[in-house]
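Enquirer: In this note's numbering, the protein residues as written are 1 to 599. Here a beta-carbon is modelled for each residue, glycine too, at the ideal position from N, C-alpha and C. Mind having a look at this structure? Questions to follow.
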């Protein structure tokens, strides 16, 4: 149909036509054919493209940004994930740091000291988005201290400020942070920053920190009563128009609910219950049974990961009278008999522990509570549906590694990232079955056939530790940190953010999913980068500082388990310049085979 005929169609029919366009370039070209089609593309087509091609990762809330920018972010991110293109760096407070409760300015942040092992970080992050900027708020724990980074991203500019908080009397080890949440501001207020901190010493507090522009530099604290029990885990439920609810696991078996009231100095639990211990073969309660995780699935449902148990997932209803003492439902895992953690006294294959539970929503802004993911001791991630009579609907298994699952981060219903208990291992599973809603190869000049020849398994593992020789790359405490670690926590501000943060022993790692050789990266987050060997192009520190970039290793989970290692940015640039035929493969140009590395 000619463009002038298309322009005569009503928007409803035009939307059905553009739904068949598979690439963003096709949408853009349609908008250049006439003024009326340009208006339609800007008003409706880009929005439809985002929600049709990225149904579970596109933001459902209109933040005032042009949907053409949203489409650019989503398509660039999808391509980077499919090509396994990312830039990894350690992050820490840098520059001038404001330290509370004193409010003093530090020229340099120093990591916690005095412990034989490194700190175990907890993470939280969210993003404020408007038509002109994106402001990311990141918090992570470092022993008894909390570090907060605020990154403001505007067109072609980025600025990060750092704040820390550590109580006067806190000491490493005894008062280590065991749970951490950023409280989202209500009504767009930005003068105060609120964090909820739980500690190994039994403190649970809502801490309000002043902003840098505020005249009042006092720290306000609201205390949640815990009876001195250590805070094992917690979950904060926040939804617009609903009161915030905090669920905390105290000690080994108590779960308490708190209604957040900023006007109170001390808040007692609105409801609490104690897990019923399982009985051993001799009829006595098991002393090893405990709650490992608590997760608010909705304002009326709480999930608890427990163990060792034959049913390590408990779902508890929350009513007006509080949390029920009896579980609404319990899930078993059908554990392999060769992989148990309950000791020799219990029947083999009967018990396990669940360390993390995460809701899996149908869209980026959904509050659905029926579907969730669990990570267990046996190294398997399971998908559960409360509407089904089955214990699990789907399992995600790495045939080569059965390390326990400590952390889970879904990216909509497209990708699933999991952190394991050994080898700094981050596992990436593709949740999509059959044809993808969006495939960047449909817009490639090389065509699908050329790129399919170098196809890879959809699931892969990344080792979150640098493969650089000692003395190269990161300096200072980052170089000396523990090489072997669990991936304790994972966080991202949204499913359409290219930044993923991982909490390792003694360190926080940032993974920015972007292609370092892309001449036109997503300008919302990145600038083009050029190596210092190319004097004609100016490098940009907003994208990457070469000496900070880590070279990580990865391998496929399928039958082809060959190891690959990332080239450094400079090495990648030289490799691309020396390549006679500039034909892009299925993987990012930074990856080289183990044969090239000598591993």
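Taking the C-alpha atoms as reference points, what is the distance between residue 304 and residue 225?
Expert: Counted from its first residue, the chain shown places residue 304 at position 304. Counted from its first residue, the chain shown places residue 225 at position 225. Computed Cα separation, rounded: 21 Å.
Enquirer: Should residue 288 go down as buried or exposed, given a rule of 16 or more other Cβ atoms within 10 Å for buried?
Expert: Translated into the one-based positions of the chain shown, residue 288 becomes position 288. That one is buried.
Enquirer: So, at 6 Å on beta carbons, what are the nonlocal neighbours of residue 511 in its own chain, with the 5 sequence-adjacent residues on each side left out?
Expert: Counting from 1 along the chain shown, the entry for residue 511 is found at position 511. 86, 88, 500.
Enquirer: Give me the Cα-Cα distance between residue 166 and residue 145, rounded to the nearest whole angstrom.
Expert: If you number the chain shown from 1, residue 166 lands on position 166. If you number the chain shown from 1, residue 145 lands on position 145. Roughly 5 Å between the two C-alpha positions.
Enquirer: Considering only the beta carbon of each residue, do residue 384 and residue 374 sit closer than 8 Å?
Expert: As a working note, residue 384 is residue 384 in the chain shown. As a working note, residue 374 is residue 374 in the chain shown. A contact, by the Cβ cut-off of 8 Å.
Enquirer: Using the beta-carbon count (16 or more within 10 Å), is residue 427 buried or exposed?
Expert: Your numbering for residue 427 matches position 427 in the chain shown. So residue 427 ends up on the buried side.
Enquirer: I need the straight-line Cα distance from residue 173 to residue 118, nearest angstrom please.
Expert: If you number the chain shown from 1, residue 173 lands on position 173. If you number the chain shown from 1, residue 118 lands on position 118. Rounded to the nearest angstrom, the two C-alpha atoms are 10 Å apart.
Enquirer: From residue 590 to residue 227, what does the alpha carbon distance come to, in whole angstroms?
Expert: What you label residue 590 is simply residue 590 of the chain shown in a count that begins at 1. What you label residue 227 is simply residue 227 of the chain shown in a count that begins at 1. Spanning the two alpha carbons is a distance of roughly 53 Å.
Enquirer: Quick check on DSSP: helix, strand or coil for residue 442?
Expert: If you number the chain shown from 1, residue 442 lands on position 442. Looking at residue 442 - three-state DSSP - the assignment turns out to be helix.
Enquirer: Ordered along the chain, which non-local residues of its own chain (more than five positions away) have a Cβ less than 6 Å from that of residue 493?
Expert: For the purposes of this step, residue 493 is identified with residue 493 of the chain shown, where counting begins at 1. Answer for residue 493: 125, 126, 127, 136, listed in chain order.
Enquirer: Which one or two residues does DSSP pair with residue 254 in a beta bridge?
Expert: Walking along the chain shown from the start, residue 254 turns up at place 254. DSSP, once it has assigned bridges, lists 250, 274 as partnering residue 254.
Enquirer: Determine, using beta-carbon pairs with one atom in the stretch 264 to 271 and one in the stretch 231 to 241, whether at least three such pairs fall under 8 Å.
Expert: Verdict: no, contact absent.
Enquirer: Need the endpoints of the alpha helix (DSSP H) that residue 285 sits in, please.
Expert: Sequence index remark: in the chain shown, residue 285 carries index 285 (1-based). Premise fails: residue 285 is in no alpha helix (DSSP H) and is neither H nor E.
Enquirer: Going straight from the alpha carbon of residue 11 to that of residue 40, what length do you get?
Expert: On the chain shown, position 11 is the one that residue 11 refers to. On the chain shown, position 40 is the one that residue 40 refers to. C-alpha separation (whole angstroms): 7 Å.
Enquirer: At what residue ranges does the stretch 489 to 521 contain a whole run of the beta strand (DSSP E), taking only runs of 3 or more?
Expert: Listed in chain order, the complete beta strand (DSSP E) runs (minimum 3 residues) inside the stretch 489 to 521 are 499 to 504, 507 to 512.
Enquirer: Do residue 514 and residue 69 come within 8 Å of each other at the CB atom, strictly closer than that value?
Expert: One-based indexing of the chain shown puts residue 69 at position 69. One-based indexing of the chain shown puts residue 514 at position 514. No. Outside cutoff.
Enquirer: Do residue 74 and residue 58 have their CB atoms nearer than 8 Å?
Expert: The sequence position of residue 74 within the chain shown is 74, counting from 1. The sequence position of residue 58 within the chain shown is 58, counting from 1. Yes, these two residues count as a Cβ contact at 8 Å.
Enquirer: Please report the distance separating the alpha-carbon of residue 300 from that of residue 355.
Expert: The residue you call residue 300 lines up with position 300 of the chain shown. The residue you call residue 355 lines up with position 355 of the chain shown. Their backbone Cα atoms lie some 22 Å apart in a straight line.
Enquirer: Let me check one thing: in DSSP terms, what residues is residue 198 bridge-paired to?
Expert: Your numbering for residue 198 matches position 198 in the chain shown. Residue 198 is bridged to 179, 204.
Enquirer: From what residue to what residue does the beta strand (DSSP E) around residue 222 run?
Expert: Mapped onto the chain shown, residue 222 falls at position 222. Residue 222 -> beta strand (DSSP E) spans 220 to 224.
Enquirer: Run the CB neighbour count on residue 313, radius 10 Å, all protein chains shown included, and call it buried at 16 or more, exposed below.
Expert: Position 313 of the chain shown, counted from the start, is the residue given in the question as residue 313. Looking at its Cβ environment, which holds 16 or more other Cβ atoms inside 10 Å, residue 313 is buried.
Enquirer: Between residue 676 and residue 403, is the Cβ-Cβ spacing less than 8 Å?
Expert: Outside the modelled stretch of the chain, which goes from 1 to 599, sits residue 676, for which no answer is possible.
Enquirer: How would you label residue 394, buried or exposed, when you count the other beta carbons within 10 angstroms and need 16 or more for buried?
Expert: Here residue 394 corresponds to residue number 394 of the chain shown, with the count starting at 1. Burial call: exposed.
Enquirer: Nearest CA to the CA of residue 420: which residue from 462, 516, 159, 517?
Expert: Counting from 1 along the chain shown, the entry for residue 420 is found at position 420. Ranking the options by Cα distance to residue 420, first place goes to 462.
Enquirer: So what does DSSP say about residue 436, is it helix, strand or coil?
Expert: Residue numbering aside, residue 436 sits at position 436 when the chain shown is read from its first letter. DSSP places residue 436 in coil when its eight states are reduced to three.
Enquirer: Is it right to say residue 470 is buried, meaning 16 or more other beta carbons lie within 10 angstroms of its own, or is it exposed?
Expert: Taking the first residue of the chain shown as position 1, residue 470 is located at position 470. Any reading at residue 470 must be qualified, since the residue scores a pLDDT of 49, below 50, and its modelled position is unreliable; no value is offered.
Enquirer: Spatial neighbours of residue 53 within its chain, please: C-beta separation below 7 Å, excluding the five flanking residues on both sides.
Expert: The count along the chain shown starts at 1 and reaches residue 53 at position 53. Contacts found: 437, 438.
Enquirer: From residue 131 to residue 149, what distance separates their C-alpha atoms?
Expert: Within the chain shown, residue 131 is the residue found at index 131, counting from 1. Within the chain shown, residue 149 is the residue found at index 149, counting from 1. In a straight line, the C-alpha of residue 131 is about 22 Å away from that of residue 149.
Enquirer: Keeping to the same chain, check which residues put their C-beta closer than 6 Å to that of residue 342; ignore five residues upstream and five downstream.
Expert: For the purposes of this step, residue 342 is taken as the residue at position 342 of the chain shown. Low per-residue confidence applies at residue 342: pLDDT is 44, beneath 50, and the placement is therefore not dependable enough to give any value.
Enquirer: Going by DSSP in three states, residue 408 sits in which element: helix, strand or coil?
Expert: By 1-based counting over the chain shown, the position of residue 408 is 408. Residue 408: strand per DSSP, three-state reduction.
Enquirer: Per DSSP, residue 605 forms a beta bridge with which residues?
Expert: No answer is possible for residue 605: the residues shown for the chain start at 1 and end at 599.
Enquirer: Would you grab the beta carbon distance between residue 163 and residue 209 for me? Rounded to a whole angstrom, and I think it's under 8 Å.
Expert: Here residue 163 corresponds to residue number 163 of the chain shown, with the count starting at 1. Here residue 209 corresponds to residue number 209 of the chain shown, with the count starting at 1. Yes, residue 163 and residue 209 are in contact; Cβ-Cβ is about 6 Å, under 8 Å.
Enquirer: Taking the CB atoms as reference points, tell me whether residue 429 and residue 396 lie closer together than 8 Å.
Expert: To locate residue 429, count along the chain shown from 1; it is residue 429. To locate residue 396, count along the chain shown from 1; it is residue 396. In this structure, residue 396 lies closer than 8 Å to residue 429 by Cβ.
Enquirer: Report the three-state DSSP secondary structure of residue 93 (helix, strand or coil).
Expert: Working through the chain shown from its first residue, we reach residue 93 at position 93. Here residue 93 sits in coil by DSSP.
Enquirer: Take residue 176 and list the residues in its own chain whose beta-carbon comes closer than 6 Å to its own, dropping the five residues that flank it on each side.
Expert: As a working note, residue 176 is residue 176 in the chain shown. Within the same chain, residue 176 has close Cβ partners 143, 144, 200.
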